[in-house]
Amino acid sequence: MKNSFFLIALLAVLTISCGSDDSSESSSPFSRFGGNGGRPATSVETQNIQLGSIADQVRSYGNVKAQNVISVLPQVSNRLTEIYVDLGDTVRQGQALAKIYDATFRDQLSQARSQLQQTRIAVRRDSSEYERQKSLMERDLTSESEMDIAQAAYQSSRAQFESARSSLTQAQEDFNNTVVRAPVTGVITSRALEVGDLATTGTELFQVASTNGYESRIYLPVQDWRAVAVGQEVNLRLSNESSVSARGIVSRKSPQLDATTGLGEVVITLTSMGNSIYPGVLAENVINITTKDQALIVPRSALVEQVETVINPESNTIELERTYSVFVSRGDSVAERRQLELGIEQGDRIEVLSGLLPNDEIIITGQSGLEDGARIAVASGDQFQAPQERQIGGQEGQEEQAQQGNRPQ
Numbered sequence: 242m243k244n245s246f247f248l249i250a251l252l253a254v255l256t257i258s259c260g261s262d263d264s265s266e267s268s269s270p271f272s273r274f275g276g277n278g279g280r281p282a283t284s285v286e287t288q289n290i291q292l293g294s295i296a297d298q299v300r301s302y303g304n305v306k307a308q309n310v311i312s313v314l315p316q317v318s319n320r321l322t323e324i325y326v327d328l329g330d331t332v333r334q335g336q337a338l339a340k341i342y343d344a345t346f347r348d349q350l351s352q353a354r355s356q357l358q359q360t361r362i363a364v365r366r367d368s369s370e371y372e373r374q375k376s377l378m379e380r381d382l383t384s385e386s387e388m389d390i391a392q393a394a395y396q397s398s399r400a401q402f403e404s405a406r407s408s409l410t411q412a413q414e415d416f417n418n419t420v421v422r423a424p425v426t427g428v429i430t431s432r433a434l435e436v437g438d439l440a441t442t443g444t445e446l447f448q449v450a451s452t453n454g455y456e457s458r459i460y461l462p463v464q465d466w467r468a469v470a471v472g473q474e475v476n477l478r479l480s481n482e483s484s485v486s487a488r489g490i491v492s493r494k495s496p497q498l499d500a501t502t503g504l505g506e507v508v509i510t511l512t513s514m515g516n517s518i519y520p521g522v523l524a525e526n527v528i529n530i531t532t533k534d535q536a537l538i539v540p541r542s543a544l545v546e547q548v549e550t551v552i553n554p555e556s557n558t559i560e561l562e563r564t565y566s567v568f569v570s571r572g573d574s575v576a577e578r579r580q581l582e583l584g585i586e587q588g589d590r591i592e593v594l595s596g597l598l599p600n601d602e603i604i605i606t607g608q609s610g611l612e613d614g615a616r617i618a619v620a621s622g623d624q625f626q627a628p629q630e631r632q633i634g635g636q637e638g639q640e641e642q643a644q645q646g647n648r649p650q
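Numbers 242 to 650, taken from this note's numbering, label the letters of the sequence shown in order.
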C-alpha cells in the first residue's frame, strides 16, 4: 500500500514538471539572451569616431633659467660692512650691492696722492735744471758731465712720477672696488656672505641673473633627440597648470649624445612668458614635431592590447609583440573586433592609420573581456553597469542558496 502511494506521488510530480517547461523557460532571467542558461549581453558605452587634429610631440621637463647668470666677485679683500640687496631683488647695472671695509684702501689712496705730488715737484725741478744745462751747453758754458747728470736726474724723476701715477690709479681703483656693484641689470639669485664675513678676491659674493632672456634645457633619448630640429615651436606648462605658461623655440641642439647618459641636450629660448614662469621653476616642455589634420582619433582607453611572445630567429632572442584592436558596435547588439594600425600618440588621443572608418561606433567602456561577435547592450553613461558575476535564479538557485546556507562555516 505504501509503495502504491509513493508511485502515485512520483507520477504527479513528473506530470507537473513536464507541464511547466514552457512557463519556466519564458520566466528564466536569461531567456531574452538566447534561452535558458544563455550568456547575458555585456553593457557597454560607445562613441562615434570623428576626424580631428593631432600633433606628434616630444615632452620633457627642464628648469627655466636666465640665459646669462653672472657671478659677482669682489675685487679687493676685507670684511663686509654693509649688504644692500637680498635674494630676489631686481638691480640695475652699476647699482651698489655691498660695501667692503675701506679704511686700509683709503689710507693707500691718500699715500698714493701724496707720493704723486712729491714726484711731480721733483719732475718740475729736474726738468728746469735739465733745460738750463741744455741752454748752457749750447753756449759752451757747461761740461758734458754736468749735462749728463742733469739729464739722468730728470729721467729718473720722470720715471718715479709715472710710477706714482700708476700707483695712484691702482689705489683709486681698489678704493672704488670696496663698493661691490651689479655688472648687469637683473635679479639677485644667490648671496653667499653676511655682514662681517671676509670677502676675498675670487670668491663668489652674489649671482645676478640677467633679465635680457630666459631658456630651458632638456635632455632627450636618441629617438626624440633625432626628431627635434632648431626652429621648432615649444609650449611650456607648469605641472599644476593646464594652460600654456610660456612659449619658445628650439634654439640649439647638441651635435652628439652624451657618452655617459646617452641623452642629447636641447636648448629652448623663451619668446614669451606668463607671470607664473620665473627662474628656477620646473616646467614641461612640449615640442611640436608634426601636426596632422583630419586624422582618425580614438581614446587610448578604448584600445585592447594583445601581447604575444615570439622568438626572433636572427638574434635567437625572445621578444614581446604587441598588437592593438578596438571593438565596434554592430547594430547596437554585437561587438566586432577590429585590428588597428596606430600612428601619432598625443596624451590620451591616438591616431588610427587603418582598421576604422569615420563614424564607426567604437566601444569605449565595457570592452574588457569581450570576444569577437559577443552580444552587447549599448547604454548611456547614467545607465551603464559594469559587468557582474552571474546571479543564480529560479528554483535551482533557491536550492543552491539553501545548500550554501547549510554548509559549515
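C-beta atoms are modelled at their ideal positions from N, C-alpha and C, and glycine is treated no differently.
Since we're looking at a predicted model, the values are computed, not measured.
According to the Cβ coordinates, are residue i and residue j closer than 8 Å?
| i | j | result |
| --- | --- | --- |
| S398 | A363 | yes |
| L446 | A339 | yes |
| A487 | A524 | yes |
| L350 | F416 | yes |
| V471 | Q334 | no |
| R571 | I538 | no |
| N289 | E602 | yes |
| Q239 | I530 | Lying outside 242 to 650, the shown extent of the chain, residue 239 is not represented and no answer is given. |
| A337 | G427 | no |
| V469 | I528 | yes |
| G303 | R458 | yes |
| V655 | T564 | Only positions 242 to 650 of the chain appear in the structure, and residue 655 is not among them; the question remains open. |
| V317 | V326 | no |
| G614 | V575 | yes |
| L583 | L594 | yes |
| V507 | E323 | no |
| S431 | Q413 | no |
For residue i, count neighbouring Cβ atoms within 10 angstroms of its own Cβ and tell me buried if that reaches 16, exposed if not.
| i | result |
| --- | --- |
| I617 | buried |
| G503 | exposed |
| S480 | exposed |
| E592 | buried |
| R365 | exposed |
| L321 | buried |
| L477 | buried |
| Q352 | exposed |
| I295 | buried |
Which residue's Cα is closest to the Cα of residue i: the options?
| i | options | result |
| --- | --- | --- |
| I518 | S408, I538, E456 | E456 |
| A500 | M514, V463, A468 | V463 |
| L498 | D465, V491, S513, N516 | D465 |
| N600 | E286, L377, Q291 | Q291 |
| G515 | Q535, V569, G489 | G489 |
| T193 | E506, I311, V491 | Lying outside 242 to 650, the shown extent of the chain, residue 193 is not represented and no answer is given. |
| E482 | A412, N526, S495 | N526 |
| L561 | V548, D573, V507, P554 | V548 |
| S492 | R380, E385, L382, T512 | T512 |
| E577 | V313, R422, G610 | G610 |
| R422 | N319, P281, V313 | V313 |
Can you give me the C-alpha to C-alpha distance between residue i and residue j, rounded to a whole angstrom?
| i | j | result |
| --- | --- | --- |
| D330 | P315 | 19 Å |
| E372 | D389 | 12 Å |
| F346 | R354 | 12 Å |
| A394 | T410 | 24 Å |
| I429 | V522 | 15 Å |
| P604 | T550 | One point to set straight first is that residue 604 is Ile, not Pro, in the sequence displayed. So the two alpha carbons sit approximately 27 Å from each other. |
| V475 | S566 | 32 Å |
| D438 | R300 | 45 Å |
| F271 | V619 | Model confidence at F271 stands at a pLDDT of 38, short of 50, so the residue's coordinates are unreliable; what they give is reported in the following sentence. Those two C-alpha atoms are separated by around 18 Å. |
| R361 | V420 | 30 Å |
| L377 | A400 | 25 Å |
| T441 | F402 | 31 Å |
| Q359 | L328 | 47 Å |
| A433 | P520 | 18 Å |
| L581 | T283 | 23 Å |
| P496 | L544 | 38 Å |
| S386 | Q392 | 10 Å |
| N277 | K533 | Because the pLDDT of N277 is 37, which lies under 50, any placement of that residue in the model is unreliable, and the question is left without a value. |
| I552 | Q473 | 40 Å |
| D367 | K375 | 12 Å |
| N309 | S484 | 27 Å |
| D573 | S542 | 20 Å |
| V444 | Q396 | Per the sequence shown, residue 444 should be read as Thr rather than Val. Each residue's Cα considered, the two are about 42 Å apart. |
| N319 | S407 | 23 Å |
| P540 | E612 | 20 Å |
| S369 | I341 | 44 Å |
Given the structure, does residue i come close to the ligand SAH, in the sense that its CB is under 7 Å from one of the ligand's heavy atoms?
| i | result |
| --- | --- |
| I591 | Looking at this structure, you won't find the ligand SAH or any other ligand, since it has none at all. |
Per DSSP, residue i is paired with what?
| i | result |
| --- | --- |
| P540 | R590 |
| V475 | G489, I528 |
| I429 | V449 |
| Q580 | S566 |
| T558 | N553 |
| T510 | E456, I490 |
| A572 | The amino acid occupying residue 572 in the given sequence is Gly; Ala does not appear at that position. Its beta-bridge partners do not exist; DSSP assigns none. |
| G293 | A536 |
| S386 | S386 pairs with nothing; no bridge assigned. |
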